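Every number in the numbering used here is 132 more than the matching position in the sequence shown, counting from 1. Taking it in order: structure first as structure tokens, then the write-up.
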Amino acid sequence: MTVRQVYGELRVSELVGLLLTDLALKGTRTIRILGKGRKERCLPLWKETATDLRAWLAVRGQVLAPELFVNANGAAMTRAGFEYILDKHTRAAAKTCSSLSSVSPHQLRHSCALVMLQATHDIRRVALWLGHADIRTTEIYLRIDPSEKLEAVEAVLPMGLRRGRFKAPDALIASLFAPP
Numbered sequence: 133m134t135v136r137q138v139y140g141e142l143r144v145s146e147l148v149g150l151l152l153t154d155l156a157l158k159g160t161r162t163i164r165i166l167g168k169g170r171k172e173r174c175l176p177l178w179k180e181t182a183t184d185l186r187a188w189l190a191v192r193g194q195v196l197a198p199e200l201f202v203n204a205n206g207a208a209m210t211r212a213g214f215e216y217i218l219d220k221h222t223r224a225a226a227k228t229c230s231s232l233s234s235v236s237p238h239q240l241r242h243s244c245a246l247v248m249l250q251a252t253h254d255i256r257r258v259a260l261w262l263g264h265a266d267i268r269t270t271e272i273y274l275r276i277d278p279s280e281k282l283e284a285v286e287a288v289l290p291m292g293l294r295r296g297r298f299k300a301p302d303a304l305i306a307s308l309f310a311p312p
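Below, the structure is given as structure tokens:
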């Protein structure tokens, strides 16, 4: 399954709480998420993710649980169950790629957010995609990528100023690239 797309945008609690009725695989492929504070958002799915989810549904079979993801007993997957499966696959992957020796659910979410920020260059879109109620929560990703910081500073033009050539002082450049 394409973990980054299905899980990356979601909190573990949102993922394990997904219901079969939240999934639309015909027409526009989407998944409806009920997030923190009962805030609802609808995310599009890549074609490959929809294919993977169809395959999962075939393996899942007819179990009584209304949740999309179930455990081996046919009951709803728990947060601990998700973390167990992630750890199992991380340990297997670490045998060929040692940098994967420890991957947490939150690291997957951060990695997804950074990819989205680099692709869109729009912190507001990333905040909506991740389900952040306050954009200040998403701003942490601006502290991670120095090139994003510099682009953001250059893109903002205070009212009353006109465009021209500007040479950023060394102190400003140093502060942009300083570790958080």
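Glycine included, every Cβ here is placed at the ideal spot set by N, Cα and C. Just so you know, these numbers come straight off a predicted model, no measurement behind them.
- So what's L175 in DSSP terms, helix, strand or just coil? The answer is strand: DSSP assigns L175 an E or B state.
- Task: Have a look at H264 and W188 and give me their C-alpha separation to the nearest angstrom.
- Result: Rounded to the nearest angstrom, the two C-alpha atoms are 28 Å apart.
- Message: Here's the rule I'm using: 16 or more other beta-carbon atoms within 10 Å means buried, otherwise exposed. How should T228 be labelled?
- Response: Exposed, by the Cβ-count rule.
- Contact check, L200 vs L150, beta carbons under 7 Å: Judged by their CB atoms, L200 and L150 are nearer to each other than the 7 Å cut-off.
- Item | Neighbourhood of L232 by C-beta distance below 8 Å, restricted to the same chain and skipping five residues each side | For L232, the CB contacts under 8 Å within the same chain, skipping 5 residues up- and downstream, are T222, A225, A226 in chain order.
- Task: Use the C-beta contact count for I267: other C-beta atoms within 10 angstroms, 16 or more gives buried, fewer gives exposed.
- Result: That one is exposed.
- Any idea if W178 is buried or exposed, counting beta-carbon neighbours within 10 angstroms, 16 or more meaning buried? W178 counts as exposed, since fewer than 16 other C-beta atoms from the protein chains shown sit within 10 angstroms of its C-beta.
- Which residues bound the beta strand (DSSP E) around R164? For R164, the enclosing beta strand (DSSP E) stretches over residues 162 to 166.
- Just the Cα atoms here: how many angstroms apart are A306 and L262? So the alpha carbons of these two residues sit roughly 30 Å apart.
- Query: Is V202 helix, strand or coil by DSSP?
  - Reply: Note: V202 maps to strand in three-state DSSP.
- Message: Using 8 Å for Cβ pairs, my map puts T114 next to P176. What's the rounded Cβ distance?
- Response: Past the edges of the chain, shown from 133 to 312, lies residue 114, and the structure says nothing about it.
- Item | Closest by C-alpha distance to A156, when choosing among R143, T181, A300, L308 | Ranking the options by Cα distance to A156, first place goes to T181.
- CA-CA distance, A303 and H253? In this structure, the CA atom of A303 is about 24 Å from the CA atom of H253.
- Message: Buried or exposed, going by whether 16 or more other CB atoms sit within 10 Å of the CB of A259?
- Response: With 16 or more Cβ atoms within 10 Å of its Cβ, A259 is classed as buried.
- Helix or strand or just coil, what does DSSP make of L152? Helix at L152.
- Item | Pairwise C-alpha distance: M209 and V191 | Spanning the two alpha carbons is a distance of roughly 15 Å.
- Give every residue of the same chain whose Cβ lies closer than 8 Å to the Cβ of S145, excluding the five residues on either side of it in the sequence, and list them in chain order. Cβ within range, chain order: R211.
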